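Colleague: In my numbering, the protein residues as written are 103 to 537. Beta carbons: idealized from backbone N, C-alpha and C, even for Gly. These numbers were taken from a predicted model, which means no experiment stands behind them.
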Amino acid sequence: MGDDDRLGARNAGQPDPGAVSQEGRALSGPSPACSIERLRWDDPELGSIRLPKREMRLRAGFGSGLAVRPGDPPGALWAVCDRGPNLKAETLAEKYGVELAPEVAAKGAKIMPRPDLGPALAELRIVGDEIGLVRTIRLTDDSGKPISGLPMAGSQHARAEPAFDLAGRPLAPDPQGADSEGLIALRDGGFWVGDEYGPSLMRIDGEGRVVDRWLPVRSDREGISLPAIAGRRQINRGFEALAISPDERSLFLAFQSPLAHPDEAAHEQASHVRLWRLDASSGAVSAQYLYPLDEPKSFRRDCEKGPFERGDIKVSEILWAGDEALIVLERGSETTKLYRVQLDASLAIGAEHLDVATRPTVEELSGRDSPFPLAVLRKQLLFNSDDARQVAADLEGMAWLSDAQLLLVSDNDFGVEGAETSFWRLTLPSSTSDA
103 MGDDDRLGAR NAGQPDPGAV SQEGRALSGP SPACSIERLR WDDPELGSIR
153 LPKREMRLRA GFGSGLAVRP GDPPGALWAV CDRGPNLKAE TLAEKYGVEL
203 APEVAAKGAK IMPRPDLGPA LAELRIVGDE IGLVRTIRLT DDSGKPISGL
253 PMAGSQHARA EPAFDLAGRP LAPDPQGADS EGLIALRDGG FWVGDEYGPS
303 LMRIDGEGRV VDRWLPVRSD REGISLPAIA GRRQINRGFE ALAISPDERS
353 LFLAFQSPLA HPDEAAHEQA SHVRLWRLDA SSGAVSAQYL YPLDEPKSFR
403 RDCEKGPFER GDIKVSEILW AGDEALIVLE RGSETTKLYR VQLDASLAIG
453 AEHLDVATRP TVEELSGRDS PFPLAVLRKQ LLFNSDDARQ VAADLEGMAW
503 LSDAQLLLVS DNDFGVEGAE TSFWRLTLPS STSDA
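1. At 3 residues or longer, and completely inside the stretch 289-357: list those beta strand (DSSP E) runs for me, N to C.
2. Between the C-alpha atoms of R403 and S137, what's the straight-line distance to the nearest angstrom?
3. DSSP three-state call for A169: helix, strand or coil?
4. Report all residues from its chain with a CB closer than 8 Å to the CB of S150; omit the five preceding and five following residues, and keep chain order.
5. Check whether the stretch 368-384 touches the stretch 469-477, taking contact to mean three or more Cβ pairs, one atom from each stretch, closer than 8 Å.
6. Ordered along the chain, which non-local residues of its own chain (more than five positions away) have a Cβ less than 6 Å from that of G234?
7. Rounded to whole angstroms, what is the Cα-Cα separation between T529 and R351?
8. Over the uninterrupted alpha helix (DSSP H) stretch that includes V182, give me the two end residues.
9. Counting only runs of 3+ residues fully inside the stretch 363-425, write out the beta strand (DSSP E) ranges in chain order.
10. Kindly indicate which three-state DSSP category E522 falls into: helix, strand or coil?
11. Rounded to a whole number of angstroms, what is the C-alpha to C-alpha distance between D297 and P221?
12. Just grab the DSSP bridge partners of Q482 for me.
13. Comparing alpha-carbon positions, which option in S448, H455, S435 and V464 lies nearest R555?
14. Identify which residue in V493, E139 and S166 has its Cα closest to the Cα of I420.
15. What number of angstroms, rounded off, separates the C-alpha of D276 from the C-alpha of E196?
16. Does A521 pass the burial test, meaning 16 or more other C-beta atoms within 10 Å, or should it be called exposed?
17. In chain order, what residues of the same chain lie with their CB nearer than 7 Å to the CB of P187, ignoring the 5 residues before and after it?
18. Around the Cβ of D381, are there at least 16 other Cβ atoms within 10 angstroms (buried) or fewer (exposed)?
19. If you follow the beta strand (DSSP E) that V229 is in, where does it begin and where does it stop?
20. Output the distance between the C-alpha atoms of A265 and D184, rounded to the nearest integer angstrom.
21. In three-state DSSP terms, what is K155?
22. Near H455, which residues of its chain fall below 7 Å by C-beta distance, leaving aside the five closest residues on each side in sequence?
23. Taking the alpha-carbon of A162 as reference, which of G210, R240 and A191 has the nearest alpha-carbon?
24. Once DSSP output is grouped into helix, strand and coil, what is the label at G517?
25. A367: which of W180, A280 and G413 sits nearest, CA to CA?
26. Please list, in chain order, all residues of the same chain as S347 whose beta carbon is under 7 Å from its beta carbon, the five residues on each side excluded.
27. Is the beta carbon of L223 sitting closer than 9 Å to the one on L303?
28. Give every residue of the same chain whose Cβ lies closer than 7 Å to the Cβ of L268, excluding the five residues on either side of it in the sequence, and list them in chain order.
29. Hey, how far is the Cα of A506 from the Cα of S532?
30. In this structure, how does DSSP classify A255 when only helix, strand and coil are distinguished?
31. Can you give me the start and stop residues for the beta strand (DSSP E) that T69 sits inside?
32. DSSP three-state call for S487: helix, strand or coil?
33. Which value, in whole angstroms, describes the spacing of the CA atoms of Q278 and G300?
34. Using 8 Å for Cβ pairs, my map puts R376 next to Q358. What's the rounded Cβ distance?
35. Using a Cβ-Cβ cutoff of less than 7 Å, which residues in the same chain neighbour F410 once the five nearest sequence positions on both sides are dropped?
36. In whole angstroms, give me the CA-to-CA distance for L328 and I249.
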């Protein structure tokens with residue numbers, strides 16, 4: 103911990119790390135010169151569960167998203183945990199010796215050993231090379247009841263993940279349930295939190311209460327709604343990446359992966375992720391951009407571990423970088439890349455692609471062999487963890503510490519598979535943000 107590995111000395115004579123193809127994808131080459139160090143942190147213990155093969159030790163998981171509030175003192179930051187401990191049935195069997203009925207292992211099903219451990223925020227403080235926990239705030243409804251991490255019910259707009267307990271009993275859907283991921287800390291003391299289930303955007307006050315929630319258009323709901331096409335997200339691939347403009351009037355969000363539109367086959371073949379600019383007061387989408395994912399073979403650490411496909415690539419975080427630009431965290435599991443993209447208005451695609459009825463869909467076009475006919479964002483590589491192999495897998499959260507310094511965090515999944523949260527301070531070669 104605290105060791106500083108210098109990158110980039112081996113970059114001389116290599117391909118331009120900022121080079122992109124005509125379709126916006128990054129060409130091969132190392133990341134620019136950076137330095138990265140791990141900060142000290144200990145995951146708080148949340149108890150354990152005795153199981154046949156071994157004990158399941160649960161730890162707090164504050165690696166789903168990071169945010170810095172404007173005006174806060176240096177070193178102050180916020181983190182968000184997701185829905186709570188969960189794992190696949192096959193992992194439960196292999197690691198803990200708990201065999202469940204075959205139907206429980208259906209595609210997309212999750213085992214939730216402690217549904218009472220739900221979405222929460224954490225106030226953190228950096229002192230030197232150490233991060234400390236100041237306090238934890240559970241997310242609640244307007245009555246003060248904690249919000250669960252159980253899946254919402256499925257609908258015509260979105261498929262739902264089936265959830266089971268450790269005995270293989272189905273857990274009932276929760277209309278208020280949330281898989282909290284992306285995080286924005288606002289000047290007024292409140293927050294925006296992205297949710298993968300709905301998918302939805304939740305407006306949170308300073309006490310952790312959900313004061314508003316924007317979901318895809320539904321006939322049984324009043325208030326602000328998101329475009330119905332948001333409900334076509336691939337299961338468990340909703341809103342994980344959120345950012346906001348300095349005046350807090352525009353929200354930016356990226357889907358975690360290509361939509362399953364019109365079906366899951368389109369999601370599996372597509373390589374373009376939708377990125378939206380929204381009015382923060384009305385929820386109206388003012389611009390839709392397409393972020394091109396890298397080729398699977400370029401995720402070297404992931405490919406070394408076994409088969410790695412297009413559907414394994416995700417966008418887990420975005421940050422405002424000034425001058426109408428964003429930093430995008432694109433990752434597999436092992437490999438994480440950071441790119442800068444410019445939100446040039448000329449690259450926004452037509453409003454017809456927000457309409458569920460438009461054919462062919464963006465995802466269908468993306469999966470074809472012919473040249474992609476729509477405008478895409480162009481990418482400039484800032485960092486690739488394949489060039490820094492000491493950096494942990496499953497990096498999900500990202501926040502600015504200064505104009506040229508970022509904090510990255512890994513998601514430990516509440517320790518259900520033994521992972522620990524790790525924080526990494528990344529210093530870029532020059533200032534990338536005017537925030």
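Modeller: Taking the structure as given:
1. 293-297, 302-306, 312-318, 341-346 and 352-357
2. As a working note, residue 403 is residue 301 in the sequence shown. As a working note, residue 137 is residue 35 in the sequence shown. Each residue's alpha carbon lies about 19 Å from the other.
3. Residue mapping note: residue 169 aligns to position 67 of the sequence shown, counting from 1. Residue state for A169 is assigned as strand, using DSSP reduced to three classes.
4. Counted from its first residue, the sequence shown places residue 150 at position 48. For S150, where only same-chain residues beyond five positions count, the Cβ hits under 8 Å are E157, M158, R159 and L160.
5. yes
6. For this step, residue 234 is matched to residue 132 along the sequence shown. R227.
7. Within the sequence shown, residue 529 is the residue found at index 427, counting from 1. Within the sequence shown, residue 351 is the residue found at index 249, counting from 1. The straight-line gap from Cα to Cα measures roughly 29 Å.
8. In the sequence shown, the residue the question calls residue 182 occupies position 80. It is not in any alpha helix (DSSP H) - V182 instead sits in the beta strand (DSSP E) that spans A178 to C183.
9. Segments of the beta strand (DSSP E) lying fully in the stretch 363-425: 374-381, 387-394 and 416-422.
10. The residue you call residue 522 lines up with position 420 of the sequence shown. It is coil, neither helix nor strand.
11. In the sequence shown, the residue the question calls residue 297 occupies position 195. In the sequence shown, the residue the question calls residue 221 occupies position 119. If I take the Cα positions, the gap works out to 10 Å.
12. Counting from 1 along the sequence shown, the entry for residue 482 is found at position 380. Note: Q482 sits in a beta bridge opposite R442.
13. Outside the shown range of the chain, which is 103 to 537, sits residue 555, and nothing can be said about it.
14. The residue given as residue 420 occupies position 318 in the sequence shown. Answer by Cα proximity: S166.
15. Translated into the one-based positions of the sequence shown, residue 276 becomes position 174. Translated into the one-based positions of the sequence shown, residue 196 becomes position 94. Whole-angstrom Cα-Cα distance: 29 Å.
16. Taking the first residue of the sequence shown as 1, we reach residue 521 at position 419. When all chains shown are included, A521 counts as buried.
17. Working through the sequence shown from its first residue, we reach residue 187 at position 85. Same-chain partners within the cutoff: L160, M214, P215, R216, L219, F516 and V518.
18. Looking up residue 381 in the sequence shown gives position 279. Under this definition D381 is an exposed residue.
19. The sequence position of residue 229 within the sequence shown is 127, counting from 1. Per DSSP, V229 belongs to the beta strand (DSSP E) from A222 to V229.
20. Within the sequence shown, the letter at position 163 stands for residue 265. Within the sequence shown, the letter at position 82 stands for residue 184. Going from the Cα of A265 to the Cα of D184 covers about 15 Å.
21. On the sequence shown, residue 155 is found 53 positions in, with the first residue counted as 1. Reduced to three states, the DSSP call for K155 is coil.
22. Numbered from 1 along the sequence shown, position 353 holds the residue referred to as residue 455. Closer than 7 Å at Cβ, skipping near neighbours: Q390 and V464.
23. Numbered from its first residue, the sequence shown carries residue 162 at position 60. Residue R240 is the option with its Cα nearest to A162.
24. On the sequence shown, residue 517 is found 415 positions in, with the first residue counted as 1. Helix at G517.
25. Taking the first residue of the sequence shown as 1, we reach residue 367 at position 265. Selected option, being the one with the closest Cα: G413.
26. The residue you call residue 347 lines up with position 245 of the sequence shown. W422, listed in sequence order.
27. The sequence position of residue 223 within the sequence shown is 121, counting from 1. The sequence position of residue 303 within the sequence shown is 201, counting from 1. No, the Cβ-Cβ distance between L223 and L303 is not below 9 Å.
28. On the sequence shown, residue 268 is found 166 positions in, with the first residue counted as 1. Closer than 7 Å at the Cβ level, and outside the excluded window around L268, lie V200, I213 and P215.
29. The residue given as residue 506 occupies position 404 in the sequence shown. The residue given as residue 532 occupies position 430 in the sequence shown. When rounded, the distance between both Cα atoms is 6 Å.
30. Walking along the sequence shown from the start, residue 255 turns up at place 153. In the structure shown, A255 sits in coil (DSSP, three-state: anything other than H, G, I, E or B).
31. Outside the displayed span of the chain (103 to 537) sits residue 69, for which this structure offers no information.
32. Stepping through the sequence shown from its first residue, residue 487 is reached at position 385. Reduced to three states, the DSSP call for S487 is helix.
33. Start at 1 with the first residue of the sequence shown, and residue 278 comes out as number 176. Start at 1 with the first residue of the sequence shown, and residue 300 comes out as number 198. The C-alpha of Q278 lies about 10 Å from the C-alpha of G300.
34. Locating residue 376 in the sequence shown gives position 274, counting from the first residue. Locating residue 358 in the sequence shown gives position 256, counting from the first residue. Contact doesn't hold; Cβ gap of about 10 Å is too wide.
35. Taking the sequence shown and counting its residues from 1, the one referred to as residue 410 is at position 308. Closer than 7 Å at Cβ, skipping near neighbours: P398, F401, D404 and G434.
36. Counted from its first residue, the sequence shown places residue 328 at position 226. Counted from its first residue, the sequence shown places residue 249 at position 147. Cα to Cα, the separation comes out at about 21 Å.
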